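Shown next, in structure tokens, is the structure this report addresses.
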Amino acid sequence: MLVVLEYLALTSREKPVTKYHIMTHISELKQQRQDRISQFVDKLEKNGFITSIDTTNAKFYYITENGLIEYKRWVRNFLAFFRGINNLDHSEEDKSYNVKSNIVQKDILMQ
888 MLVVLEYLAL TSREKPVTKY HIMTHISELK QQRQDRISQF VDKLEKNGFI
938 TSIDTTNAKF YYITENGLIE YKRWVRNFLA FFRGINNLDH SEEDKSYNVK
988 SNIVQKDILM Q
């Protein structure tokens, strides 16, 4: 489910995407059944992390502000976990860590 939220955080802020787009563009989900993807998306929408726009041709999804906040929280927790595993001092790491990932390039971690 986090991979869907991450994908929407990185892409849907510019342009909403369909379930088909999610299924075909997230490599981790290409082998998943369509009903599983629908369950993930429905739960994310029910919890207010994403929202949808119904059109005559398709349903489009994009991340909400709450979804972006939760995604950022997850990323921060993951980084804290990773730093803990590697016994890194957080203050030194924050000063010297040069992030070159899509997350920062897409300005997801801004506050």
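Mapping of the sequence shown onto the numbering used here: residues 888 to 998, in sequence order. Using N, Cα and C, we set each Cβ at its ideal position, and we do this for glycine too. Keep in mind the model is a prediction, meaning the values are calculated, not measured.
**OP:** Spell out the partners DSSP gives V904 in its beta bridges.
**Re:** For the purposes of this step, residue 904 is taken as the residue at position 17 of the sequence shown. BP columns for V904 point to Y948.
Subject >> Cα-Cα separation between I937 and K946, rounded to whole angstroms >> reply: Within the sequence shown, numbered from 1, the residue matching residue 937 stands at position 50. Within the sequence shown, numbered from 1, the residue matching residue 946 stands at position 59. Cα to Cα, I937 sits roughly 12 Å from K946.
**OP:** Quick one: using the 10 Å Cβ neighbour count with 16 as the cut-off for buried, is T911 buried or exposed?
**Re:** In the sequence shown, residue 911 corresponds to position 24, counting from 1. T911 is exposed by the Cβ-count criterion.
**OP:** Spatial neighbours of I913 within its chain, please: CB distance less than 8 Å, with the 5 preceding and 5 following residues excluded, ordered by chain position.
**Re:** Counting from 1 along the sequence shown, the entry for residue 913 is found at position 26. The answer, listed in chain order, is V890, V891 and Y894.
Original post:
Hey, would you say L955 sits closer than 7 Å to A896, going by beta carbons?
Top reply: Indexing the sequence shown from 1 puts residue 955 at position 68. Indexing the sequence shown from 1 puts residue 896 at position 9. Between L955 and A896, the C-beta spacing is below 7 Å.
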